Amino acid sequence: MAQKSWMYSVLEAVQYEMQQDPAMTWIFELTPPVASNPNMPVINLETEFGRKRVVNTGIDENWMASAVLGAGLAGSKSATYIPYQGALIPFQVIQNVAGKLRHKTGGLAEMPVVWIIEMTGQTPGFGQQHSCYEEDSYYMHIPGVRTVVPSTPYDAKGMMHAAIRSPDPVVYLYPAGLRTLTQEVPDDAFEVPLDKAAVRMEGSDLTIVSSGAGMPGVLEAAETLTEEGMSVEVIDLRALNAMDTETIVNSVAKTKRLLTVDQSYYTLCPGAEVIARAVENVDGVKVKRVAFPDAPPPASPEMFTWMRPNAEGIKGAARALV
Amino acid sequence: MTYDLKPSPQPSGGEAPSSESRRGFLKLAALTGAVVSTTGRRALATGDIGFFAKDLSDEKLIDMYRTILQIRWHERTQADQMLSNPDYRGYNHFYAGQEAVATGVCAALRNDGPFDQIDVVYSSHRPSGHAIAKGVDIPKMVAEMDFRATGMNGGYGAEMHISDPSVGFIGADGMIGPAPVIASGSAFAFRARGSDQVAVVFAGDGNYAAPHFHSTLNNAKLLDLPLIYVCENNLYHQYAHYSYSCPHKDIAEAAGAYGIETEIVDGQDVVQVYNAAKEAVDRARAGGGPTFIEAKTYRYYNHWGAPGAKAGELGAFGYDPLAITSFRPEREVRAWMQRDPVDIARKILVDWGVVDETRAAEIDEEVKAEIAEAFEWGLSQPLCAPEDGLKHVFAEGTVPARQFG
Chain Y
1 MAQKSWMYSV LEAVQYEMQQ DPAMTWIFEL TPPVASNPNM PVINLETEFG RKRVVNTGID
61 ENWMASAVLG AGLAGSKSAT YIPYQGALIP FQVIQNVAGK LRHKTGGLAE MPVVWIIEMT
121 GQTPGFGQQH SCYEEDSYYM HIPGVRTVVP STPYDAKGMM HAAIRSPDPV VYLYPAGLRT
181 LTQEVPDDAF EVPLDKAAVR MEGSDLTIVS SGAGMPGVLE AAETLTEEGM SVEVIDLRAL
241 NAMDTETIVN SVAKTKRLLT VDQSYYTLCP GAEVIARAVE NVDGVKVKRV AFPDAPPPAS
301 PEMFTWMRPN AEGIKGAARA LV
Chain V
1 MTYDLKPSPQ PSGGEAPSSE SRRGFLKLAA LTGAVVSTTG RRALATGDIG FFAKDLSDEK
61 LIDMYRTILQ IRWHERTQAD QMLSNPDYRG YNHFYAGQEA VATGVCAALR NDGPFDQIDV
121 VYSSHRPSGH AIAKGVDIPK MVAEMDFRAT GMNGGYGAEM HISDPSVGFI GADGMIGPAP
181 VIASGSAFAF RARGSDQVAV VFAGDGNYAA PHFHSTLNNA KLLDLPLIYV CENNLYHQYA
241 HYSYSCPHKD IAEAAGAYGI ETEIVDGQDV VQVYNAAKEA VDRARAGGGP TFIEAKTYRY
301 YNHWGAPGAK AGELGAFGYD PLAITSFRPE REVRAWMQRD PVDIARKILV DWGVVDETRA
361 AEIDEEVKAE IAEAFEWGLS QPLCAPEDGL KHVFAEGTVP ARQFG
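As they're listed, the protein sequences go chains Y and V.
Once you know that position 246 of the first sequence is 246 in the numbering used here, the rest is easy, because the numbers rise by one and skip nothing.
Once you know that position 294 of the second sequence is 294 in the numbering used here, the rest is easy, because the numbers rise by one and skip nothing.
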C-alpha cells in the first residue's frame, strides 16, 4: 500500500495481468505505457514485455481499436490506450462490430478486450478538437459494450483489473484531467465491479450524481453545501453502461431531489439518463442538470472556463433545488 | 536513392505529359549540394527541363524570401514569448525548419482573387507556416494564437484551428487523418464544376499510417482530381520516429503504388519545392490529376511548444519529457540546421544576383521588425467575452447556458 498516481495505479494492474497471461497484448501511440512513483520501481510495459506484445504504432486509432478486437477474438486478452485526439475514431468498430458481435453470433464471440479512451477538456486553450470530453455520451449508448469511467486512482486500478478479466468488451474512459490525483492504492491485485456506482457522501436533502472528471467539482461543492447545513448525498456513477439504477433510485427515493453534473454536452449527457431512471421509478422528484452547453469548447480561456461546469455552478443549482 | 515504379497509365486528353523518359534534377542537386531522388516521374512532354524557377521575377523571388523570413521570425518570436513572457498564453506546433516547403508550394498557387477562383490549402497540425505562405493577415493570426477577440477567428479556434478562407487557407486541423480526404473533396468539387482551381493538402509523415492517407490517394487517382498532396516528412510524428509507423524510407513510394505522379524534393530548398509544386499545379489545372510531393525536411523544435528551447536561440536541443519513445538527438537537430532553408534561399538569391548580401540582411531586419509589430498589435488586443462562447454554434442565434443548472 502506498500513495500512488493515477497512471501508476492503472499500469500496475496492466503489468500484473500481462505477467499472469503471456498472451496478453497492449497497443499504444503517443502515450508510452511508462509510469513512475516515489520509492517504487518504474513500470515500463514496452521494455518488460517486449515489442511483440507491446506495440507503439502510428496515428491510426482505427487499427488500434480493431486490432485489439481481433486479438480478443483470437483468444488473447488485449488492451489499447487511445489518446484524446483520436477518441472517437474507434467508434465504428466498437459500435457496429464489437457491440453487436456477441448477440449476432448467438453468444459465441468472446471479447476480452479493453479500449482505454482518454477524455480531456480540462485544459483551457486547447480548443474544440482537443477538448473532446463528450465521449461518455457516445460510448455509453452502445449495447453489448461495458462503458466505465473511474474517478479515483483506487477505482482506476480495480476497474482495470475487472475490465481486463471481463469476458465483455469494455470501454474504459480515462479522464486525463484527473491524472494528477494520488491516493493510497493497494499493491496487490483487486477488482472494483464494472456495474456498481459508489456513494461518496451520504445525505438526505439532495442527491448529486456525477462521474469521472465531474467528480472533483461535485465533491468541492458538496463540502461547502454541507457546511451551509445542507445534507448532500453524492453518487459517483463509475459505470455508465450498464448503469447502476438501484443505487440512484434508492438515493432519490430518500432525498426527492436530484442534481446531475456532467462535463459532457447538455443534450444526452449521462445525467439525462440518470434523471430519466429516477423519475421513472420515484414519484415527485425535483430535478436539475448541470452540463456543458451544447457548443463545442472554444479555445479562448475566458469563454471556456465560463462554460465549463464548476463547483460554483453546482452550488448555485443545488441551492435552487433545495 | 532511386527505384523503379511501374509507369502509371497515360491520362487521356488535355495537356498531360506523354513521354516516359526519366530525368533527374542533377543541376539543382549540384547547386545546393542536396541529394535529390526522382521517383517514377515522367519528363515533361514540352521539352521543358522542369526548372520553372528560371521564369520567376526578381520581385517574386524576393517575396518568397520574405515569406520564409516571416515564418521564421514568427516562430522565433512566438517561442521567445512562450519562454520568457509569463503573461503570454499562446502556443504552437512550431514549423521552423520547414519554411521552404510552405513557401515553395504556395508560390506556385493562385492566392489572390475571388474565393471561387483561388486555390485552396488544407493545413496540418503544424499550421503557422502554411497560413503565412498562403497570405493570412499575420497580426490577426498572432492575436488568434493568444485567444484575442479580434483574432483571425475571434479567439474561438487558436493555433490548432486557424483558418482564413478569404485567402484560400481552409485551415489547420487538430486531428491527424481527416484533412487530406476532405481536401480531395474540394478537388472533386473543382473538377465537377469545371474550375481550374487546385486543392493542396499539407500533411506530415504521421498521416501515412492513418487510413485517410490511402483513401485520399486512391480516390484522387480514380477520379483524376486536381489535388496536390504535400507530404512534409520531418522524420517524427508527435514523439516517434516515422519508422515506427511507415515501412518505406520514402513515403512517396507508397503514393506511387496508387498510380499517382510522385516527386521527392529537398524540403530545405525553396527552389526545388517550387519547381515540383509548379509542375504539379500545371498538371492539375490541365486535368492531369493528382501529384504527391514528398518534401524531406525537419523541424527545429519538439512536437509541441518550446520544451528544450532557450529564449533568443533558434531550435530546441534540450530534453522534452514527452519524448520517451524516440528522443531527437541533438546532433541530428544540429546537422539539419546546417542546411537551413533561410540560408539556402539567401545564397540562391545572392548567387543569382537578385539581391546582394547587404540587401538580404536589410530584408531580414525589415521582416523581423514587421513580426515584432504584429506581436505588439496582437498581444494588445481585447480578450473574449465569456458569453460569446454560446455563439457560432449554428449560423444564427446562441445556444442556452447549461453550466448553472
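All C-beta atoms in this analysis are idealised placements derived from N, C-alpha and C, irrespective of residue type, glycine included.
Computed from a predicted model, the values in this text were never measured in an experiment.
Original post:
Counting Cβ pairs closer than 8 angstroms, one from the region 277-287 of chain V and one from the region 349-359 of chain V, do we hit at least three?
Top reply: Too few Cβ pairs lie closer than 8 angstroms, so no.
Original post:
What residues from chain Y crowd round residue 136(V), counting only those whose CB sits closer than 7 angstroms?
Top reply: For this step, residue 136(V) is matched to residue 136 along the second sequence. Scanning chain Y for C-beta atoms nearer than 7 angstroms to the C-beta of residue 136(V) yields nothing, as the closest lies near 17 angstroms away.
**OP:** State the beta-bridge partners of residue 287(Y) as determined by DSSP.
**Re:** For the purposes of this step, residue 287(Y) is identified with residue 287 of the first sequence, where counting begins at 1. According to DSSP, residue 287(Y) shares a beta bridge with 258(Y).
Subject >> residue 270(Y) in three-state terms, based on DSSP >> reply: One-based indexing of the first sequence puts residue 270(Y) at position 270. Three-state DSSP puts residue 270(Y) in a helix.
Original post:
Does the distance from the CB of residue 207(V) to the CB of residue 176(V) come in under 7 angstroms?
Top reply: Translated into the one-based positions of the second sequence, residue 207(V) becomes position 207. Translated into the one-based positions of the second sequence, residue 176(V) becomes position 176. Inclusion of residue 207(V) and residue 176(V) in the CB contact set at 7 angstroms is warranted, their separation being smaller than that value.
**OP:** Could you tell me whether the region 292-305 of chain V touches the region 93-100 of chain V, using the rule of 3 or more Cβ pairs below 8 angstroms?
**Re:** By the C-beta criterion, the region 292-305 of chain V is judged to be in contact with the region 93-100 of chain V, since at least 3 inter-stretch pairs fall below 8 angstroms.
Original post:
Nearest CA to the CA of residue 207(Y): which residue from 315(Y), 50(Y), 12(Y), 167(Y)?
Top reply: Working through the first sequence from its first residue, we reach residue 207(Y) at position 207. Checked all of 315(Y), 50(Y), 12(Y), 167(Y); the closest Cα to residue 207(Y) is 315(Y).
Original post:
Using a C-beta cutoff of 7 angstroms, does residue 303(Y) count as contacting chain V?
Top reply: For this step, residue 303(Y) is matched to residue 303 along the first sequence. With 7 angstroms as the cut-off, residue 303(Y) counts as an interface residue toward chain V.
Subject >> Beta-carbon gap between residue 189(Y) and residue 16(Y) smaller than 7 angstroms >> reply: Locating residue 189(Y) in the first sequence gives position 189, where the first residue counts as 1. Locating residue 16(Y) in the first sequence gives position 16, where the first residue counts as 1. Yes; because the gap between Cβ atoms is below 7 angstroms, this pair is in contact.
**OP:** Mind listing the chain Y neighbours of residue 410(V)? Cutoff is C-beta to C-beta under 9 angstroms, in chain order.
**Re:** In the structure displayed, chain V extends from 1 to 405; residue 410(V) sits before or after that span and is not available.
**OP:** Pick out whichever of 264(Y), 76(Y), 235(Y) has its Cα sitting closest to the Cα of residue 250(Y).
**Re:** Translated into positions along the first sequence, residue 250(Y) becomes position 250. Closest option to residue 250(Y), judged by alpha-carbon separation, among 264(Y), 76(Y), 235(Y): 235(Y).
Original post:
Which term fits residue 305(Y), buried or exposed, when burial requires 16 or more other beta carbons within 10 angstroms of its beta carbon?
Top reply: For the purposes of this step, residue 305(Y) is identified with residue 305 of the first sequence, where counting begins at 1. Residue 305(Y) should be labelled exposed.
Original post:
Out of 146(Y), 302(Y), 258(Y), 172(Y), which has the shortest C-alpha to C-alpha gap to residue 242(Y)?
Top reply: For the purposes of this step, residue 242(Y) is taken as the residue at position 242 of the first sequence. Checked all of 146(Y), 302(Y), 258(Y), 172(Y); the closest Cα to residue 242(Y) is 146(Y).
**OP:** Determine the DSSP secondary structure at residue 235(V), reduced to helix, strand or coil.
**Re:** For the purposes of this step, residue 235(V) is taken as residue 235 along the second sequence, with counting starting at 1. Of the three classes helix, strand and coil, the one that applies to residue 235(V) here is coil, per DSSP.
Original post:
Taking the continuous alpha helix (DSSP H) assigned at residue 146(Y), which residues delimit it?
Top reply: Your numbering for residue 146(Y) matches position 146 in the first sequence. Bounds of any alpha helix (DSSP H) do not take in residue 146(Y); it lies within the beta strand (DSSP E) bounded by 146-148.
Original post:
On the premise that residue 215(Y) lies in contact with residue 151(Y), defined as a C-beta separation below 8 angstroms, what is that separation, rounded to the nearest angstrom?
Top reply: Taking the first sequence and counting its residues from 1, one reaches residue 151(Y) at position 151. Taking the first sequence and counting its residues from 1, one reaches residue 215(Y) at position 215. Indeed they touch by this definition, with Cβ atoms about 4 angstroms apart.
**OP:** Measure how close the beta-carbons of residue 172(V) and residue 201(V) come, nearest whole angstrom, since I'm counting them as under 8 angstroms.
**Re:** Translated into positions along the second sequence, residue 172(V) becomes position 172. Translated into positions along the second sequence, residue 201(V) becomes position 201. Here residue 172(V) is actually not in contact with residue 201(V); their C-beta atoms are around 12 angstroms apart, not less than 8 angstroms.
**OP:** Report yes or no: is there a C-beta of chain A within less than 7 angstroms of the C-beta of residue 404(V)?
**Re:** No chain A appears in this structure, whose protein chains are Y and V.
Original post:
Is there a Cβ from chain Y that is less than 7 angstroms from the Cβ of residue 250(V)?
Top reply: The residue given as residue 250(V) occupies position 250 in the second sequence. At a cut-off of 7 angstroms, the C-beta of residue 250(V) has no neighbouring C-beta in chain Y.
Subject >> Per-residue DSSP class, three states only, for residue 94(V) >> reply: For the purposes of this step, residue 94(V) is identified with residue 94 of the second sequence, where counting begins at 1. Residue 94(V) sits in coil when the DSSP states are folded into three classes, being neither helix nor strand.
Subject >> Cβ of residue 22(V) within 7 angstroms of any chain Y Cβ >> reply: In the second sequence, counting from the first residue as 1, residue 22(V) sits at position 22. Low local confidence applies: a pLDDT of 35 at residue 22(V) is under 50, so the model's placement there is unreliable, with the coordinate-based value given in what follows. Not one beta carbon of chain Y lies nearer than 7 angstroms to the beta carbon of residue 22(V).
Original post:
By the 10 Å Cβ neighbour count, where 16 or more other Cβ atoms means buried, how is residue 147(V) classified, buried or exposed?
Top reply: Translated into the one-based positions of the second sequence, residue 147(V) becomes position 147. Burial call: buried.
Original post:
Do you know offhand how far residue 389(V)'s Cα is from residue 276(V)'s?
Top reply: Here residue 389(V) corresponds to residue number 389 of the second sequence, with the count starting at 1. Here residue 276(V) corresponds to residue number 276 of the second sequence, with the count starting at 1. Straight-line Cα distance between these residues: approximately 43 angstroms.
Original post:
With a CB to CB cut of under 6 angstroms and the five nearest residues on each side skipped, what residues in its chain are close to residue 252(Y)?
Top reply: Stepping through the first sequence from its first residue, residue 252(Y) is reached at position 252. If the five residues before and after residue 252(Y) are omitted, its C-beta is found closer than 6 angstroms to the C-beta atoms of 207, 258, 278, 282, 285, all from its own chain and listed in chain order.
**OP:** Could you name each continuous alpha helix (DSSP H) segment of 4 residues or more that falls completely within the region 102-169 of chain Y, going from the start of the chain to the end?
**Re:** You should have 135-139, 153-165.
Original post:
With DSSP run on the structure shown, which of helix, strand or coil describes residue 278(V)?
Top reply: For this step, residue 278(V) is matched to residue 278 along the second sequence. Residue state for residue 278(V) is assigned as helix, using DSSP reduced to three classes.
**OP:** Could you tell me which residues DSSP pairs with residue 204(V) in its beta bridges?
**Re:** In the second sequence, the residue the question calls residue 204(V) occupies position 204. Partner(s): 232(V).
Original post:
Looking only at C-alpha atoms, which of 215(V), 161(V), 405(V) sits nearest to residue 320(Y)?
Top reply: Counting from one through the first sequence, the residue named residue 320(Y) turns up at place 320. Closest option to residue 320(Y), Cα to Cα, is 405(V).
Subject >> Chain-ordered neighbours of residue 400(V) on chain Y, where CB pairs are closer than 7 angstroms >> reply: What you label residue 400(V) is simply residue 400 of the second sequence in a count that begins at 1. The answer, in chain order, is 293.
Original post:
Got a sec, what are the start and stop residues for the alpha helix (DSSP H) residue 68(Y) sits in?
Top reply: As a working mapping, residue 68(Y) is identified with position 68 in the first sequence. Element bounds for residue 68(Y): 61-73.
Subject >> Neighbour flag for residue 384(V) against chain Y, beta carbons, 7 angstroms >> reply: As a first step, residue 384(V) is located in the second sequence; it is residue number 384 there, counting from the start. Answer yes: the Cβ-Cβ gap between residue 384(V) and chain Y drops below 7 angstroms somewhere.
Subject >> Cβ neighbour criterion (16 or more within 10 Å) applied to residue 359(V) >> reply: In the second sequence, counting from the first residue as 1, residue 359(V) sits at position 359. It is exposed - the Cβ of residue 359(V) has fewer than 16 other Cβ atoms within 10 Å.
Subject >> Neighbour list for residue 89(V) in chain Y, Cβ cutoff strictly below 8 angstroms >> reply: Counting from one through the second sequence, the residue named residue 89(V) turns up at place 89. Residues of chain Y passing the Cβ test: 125, 301.
Original post:
Any contact of the region 38-56 of chain Y with the region 92-111 of chain Y, i.e. 3+ C-beta pairs under 8 angstroms?
Top reply: No, the region 38-56 of chain Y does not touch the region 92-111 of chain Y.
Original post:
If you follow the beta strand (DSSP E) that residue 26(Y) is part of, which residue opens it and which one closes it?
Top reply: Here residue 26(Y) refers to the residue found at position 26 of the first sequence. Segment 25-28, the beta strand (DSSP E) holding residue 26(Y).
Original post:
residue 367(V) lies in the alpha helix (DSSP H); which residues open and close that run?
Top reply: Numbered from 1 along the second sequence, position 367 holds the residue referred to as residue 367(V). Per DSSP, residue 367(V) belongs to the alpha helix (DSSP H) from 357-378.
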